[in-house]
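**Q** For the record, the sequence lines run as chains A and B. 1 is the number of the first residue of the first sequence in the numbering used here; add one for each residue after it. 1 is the number of the first residue of the second sequence in the numbering used here; add one for each residue after it.
Number of protein chains: 2
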Amino acid sequence: MVFLKVIPMLQSRTTQLASGSIVVPKDDQNRSIQSESRGRPRSEESEEAIVAATLQLLTEKPLRDISMEEIARKAGVGKATIYKWWPSKAYVALDAFLRTTNRMLPTPDTGSVRRDIRERIRAMMVFYMSPAGHIMGQFVAEAQSDKEFASLFRERFLKPRREATGIIFDRGVQRGEIDHNIDRELVLDLIHGSAIYRLMVGHAPLEEKLADEMVSIFFGGLNKRSLGTAETRRRTARKFRGTRRKTK
Amino acid sequence: MVFLKVIPMLQSRTTQLASGSIVVPKDDQNRSIQSESRGRPRSEESEEAIVAATLQLLTEKPLRDISMEEIARKAGVGKATIYKWWPSKAYVALDAFLRTTNRMLPTPDTGSVRRDIRERIRAMMVFYMSPAGHIMGQFVAEAQSDKEFASLFRERFLKPRREATGIIFDRGVQRGEIDHNIDRELVLDLIHGSAIYRLMVGHAPLEEKLADEMVSIFFGGLNKRSLGTAETRRRTARKFRGTRRKTK
DNA sequence: CGAATTTCGAAACGCGACGTATAGTATGAT
DNA sequence: ATCATACTATACGTCGCGTTTCGAAATTCG
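1. For L55 (chain A), which option in A:K74, A:Q144, A:E213, A:R115 has the closest C-alpha, if you only look at C-alpha atoms?
2. Could you tell me which of A:R103, A:A96, A:E47 sits nearest to K79 (chain A), measuring between CA atoms?
3. Less than 8 Å between the CB atoms is what I'm expecting for R171 (chain B) and V77 (chain B), so what's the real figure, rounded?
4. Report yes or no: is there a C-beta of chain A within less than 7 Å of the C-beta of E90 (chain B)?
5. In its own chain, which residues sit with a C-beta less than 7 Å from the C-beta of A101 (chain A), not counting the 5 before and 5 after it?
6. Is M200 (chain A) close to chain B? Criterion is C-beta to C-beta, closer than 7 Å.
7. Taking the straight line between their C-alpha atoms, what separation do you get for G202 (chain B) and A141 (chain A)?
8. Using a Cβ-Cβ cut-off of 7 Å (strictly less than) and excluding sequence neighbours within five positions of L105 (chain B), which residues of its own chain qualify?
9. When DSSP labels each residue in this structure, what does M104 (chain B) get in the three-state scheme?
10. List the residues of chain B whose Cβ lies closer than 8 Å to the Cβ of A204 (chain A), in chain order.
11. Alpha carbons only, please: which of A:G111, A:G193, A:R103, A:N223 is nearest the one belonging to Q174 (chain A)?
12. With distances taken between CB atoms, is the gap from L190 (chain A) to G166 (chain A) smaller than 7 Å?
13. Specify, as a first and last residue, the run of the alpha helix (DSSP H) that K84 (chain A) falls within.
14. State the DSSP-derived secondary structure class of P41 (chain A), mapped to helix, strand or coil.
15. Please determine if the stretch 209-224 of chain B and the stretch 118-135 of chain B are in contact, where contact requires at least 3 C-beta pairs separated by less than 8 Å.
16. So if I threshold CB-CB distances at 9 Å, which residues from the stretch 57-76 of chain B count as touching chain A?
17. Tell me which residues of the stretch 121-148 of chain A have at least one Cβ-Cβ distance to chain B shorter than 9 Å, keeping chain order.
18. Judging by CA-CA distance, which residue of A:R198, A:G220, A:E70 is the nearest neighbour of R154 (chain B)?
19. Applying the 10 Å Cβ sphere with the 16-neighbour rule, what's the burial state of K89 (chain B)?
20. I178 (chain B) lies in the alpha helix (DSSP H); which residues open and close that run?
21. State the Cα-Cα distance for the pair E44 (chain A) and V51 (chain A), rounded to the nearest angstrom.
22. Per DSSP, what kind of secondary structure is T59 (chain A) in: helix, strand or coil?
23. Distance check for R184 (chain A) and L94 (chain B), CA to CA, integer angstroms please.
24. Hey, is R175 (chain A)'s beta-carbon within less than 7 Å of any beta-carbon in chain B?
25. If I measure Cβ to Cβ from R40 (chain B) and keep anything under 8 Å in the same chain, skipping five residues before and after, which residues do I get?
26. Anyone know if the C-beta pair for S145 (chain B) and P62 (chain A) falls short of 7 Å?
27. Less than 7 Å between C-beta atoms, sequence neighbours within five positions excluded: which residues of the same chain meet that for A150 (chain A)?
28. Looking at chain B, is there any beta carbon in it that lies within less than 7 Å of the beta carbon of Y299 (chain A)?
29. Taking W85 (chain B) as the reference, give the member of B:R42, B:L186, B:A53 with the closest Cα.
30. Would the beta-carbon of I71 (chain B) fall within 7 Å of that of A53 (chain B)?
31. Can you pull the chain B neighbours of F219 (chain A), defined as C-beta to C-beta under 8 Å?
32. Have a look at L222 (chain B) and E208 (chain B) and give me their C-alpha separation to the nearest angstrom.
33. Please confirm whether I182 (chain B) has its beta-carbon closer than 7 Å to some beta-carbon of chain A.
34. Between L57 (chain A) and the ligand COA, is the CB less than 6 Å from at least one heavy atom?
35. Going straight from the alpha carbon of T81 (chain A) to that of L158 (chain B), what length do you get?
36. May I have the straight-line CA-CA distance separating L206 (chain B) from A195 (chain B), to the nearest angstrom?
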């Protein structure tokens, strides 16, 4: 399971992701600035064991059903050690999660916004369909009862992903492919929100091909197709599987 | 606070919303069918007290921070009584919530889908912006760790609302205002998902006027405006508040 | 080297909520 | 009167929380 491989964060921001304040100041280049580190140093072994155990558990059950006690047991670590560095299990989980996912967010630039956006949405769908998608849902859930966590999750996870789409959008506006009056944030909400909605509510499966349909709506509108782009015509043929028109 | 007024459900489906199986069968017209009701009948007073207490608490704090013990105390009721009729606090909360919200879902029919959809979205926004919106977020959160609850919530709350929008959409297709190749479910996800996303993540405020922008995108597309509908032109003037174009 | 400092694992703590069980009472049908 | 069921109240054992205490380990400083 690729997802489980623990990939250390680039900046090696190891300490106190939790409270937002970094306790041991770090040089962006090397390790920790050896000024006020006196006693026994933090055990990297324990840290990694905690993170690994948490990631493992996150693939097995919802965050709510994971306990600090279980993480500590599985990691072979004292509970107090975890509480020393993270304020709650949600923070441990988010920290662990970010280390596996916070790498490169591609922003394709093919010359056509339409194609770029489609690729972006497709990548997003693939991500949401993976185990990581369900874990993300756990974090959104947690955010409903913990405002501090919500803010951290928003900044560290959602925003970067949202902006990756936003960059593509902006390029489209600059190139004149997207009308400059369009509400940027709303478009980002339409794209990401619909996927997250489906992911969290589960009324219909996420599918990669939704990217095509979405782009088609964004650039063709719901109206009767008069323009008839190549893509629109292609979609037409694919469409006869009888799931629609169940009303009246 | 209007929201707190307890409005009894039409069908008076009182018993075992919980397990999905209705224990005491009810005539759709009158009260309960007097066949296998032998002992002491269920106390409607207690039931109402439980529901009222739960609704009150739901306006004060997240579902996670509400305990069965607190509900029982506030309702002046034994804990066992609650567990007798509902399997967990989430079910109590949902049941209570549905009694206040499960009334009429208007599906405006003005002759123009565009206008109908805008009105529908507007109503949806108003609902999400009310206290009920945040409570709904609690249920979506709960659904992430309880699949049975998720299914009940989907059927009893989300689906009806979704379908209210769907009916409008279908009318638009029938009248030829919406292309029949458009993916109905995806459109519903775009509308509802984006709002729920904003509600639950809180990166931007929900606003009634988003309805206009949304409809404008759906029927105009993101493309450079060549058609220039009346509404599009109106939006243009409104647009100079400088919040956009923060990139480069 | 030795003292000071800090972290570590393990264990125990008090707290609060869970979901169940028991006891005694209340309310109806038969 | 008897039976069946629901009610309140309370107690129970279990679990997870977040904190505290302990002695041992690891590192810096004098």
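Even for Gly, the Cβ is constructed at its ideal location relative to N, Cα and C. Treat the numbers as computed from the prediction; the structure is a model and nothing was measured.
**A** Considering the structure as presented:
1. A:K74
2. A:E47
3. Contact flag wrong, Cβ pair sits at about 46 Å.
4. The residue asked about is misnamed: residue 90 (chain B) is Ala in this sequence, not Glu. Judged by the 7 Å Cβ criterion, A90 (chain B) is not in contact with chain A.
5. Note on identity: in this sequence residue 101 (chain A) is Thr, with Ala being the wrong assignment. Here the set comprises A132.
6. yes
7. 13 Å
8. P160, R161, A164
9. coil
10. The answer, in chain order, is E185, D189.
11. Minimum Cα-Cα distance from Q174 (chain A) among the listed residues A:G111, A:G193, A:R103, A:N223 corresponds to A:G111.
12. no
13. 79-85
14. coil
15. Touching, yes, given that three or more Cβ pairs across the two stretches are closer than 8 Å.
16. Against chain A - using a Cβ distance shorter than 9 Å - the residues of the stretch 57-76 of chain B are K61, P62, L63, R64, D65.
17. H134, G137, Q138, V140, A141, E142, A143, Q144, S145, D146, K147
18. Among A:R198, A:G220, A:E70, the Cα nearest to that of R154 (chain B) is on A:R198.
19. buried
20. Careful: I178 (chain B) lies outside any alpha helix (DSSP H) and carries neither H nor E.
21. 10 Å
22. helix
23. 35 Å
24. no
25. none
26. Yes, the Cβ-Cβ distance between S145 (chain B) and P62 (chain A) is below 7 Å.
27. Short of 7 Å from the beta carbon of A150 (chain A), and not among the five residues preceding or following it, lie these beta carbons of its own chain, in chain order: A143.
28. With chain A covering only 1 through 248, there is no way to say anything about residue 299 (chain A).
29. Per the Cα distances, B:R42.
30. Yes, they are a contact pair.
31. G221, L222, N223
32. 20 Å
33. By this cut-off, I182 (chain B) is an interface position.
34. Absence of the ligand COA from the depicted structure is noted, as is the absence of any ligand whatsoever, leaving it without description.
35. 42 Å
36. Looking at the two C-alpha atoms, the distance is approximately 7 Å.
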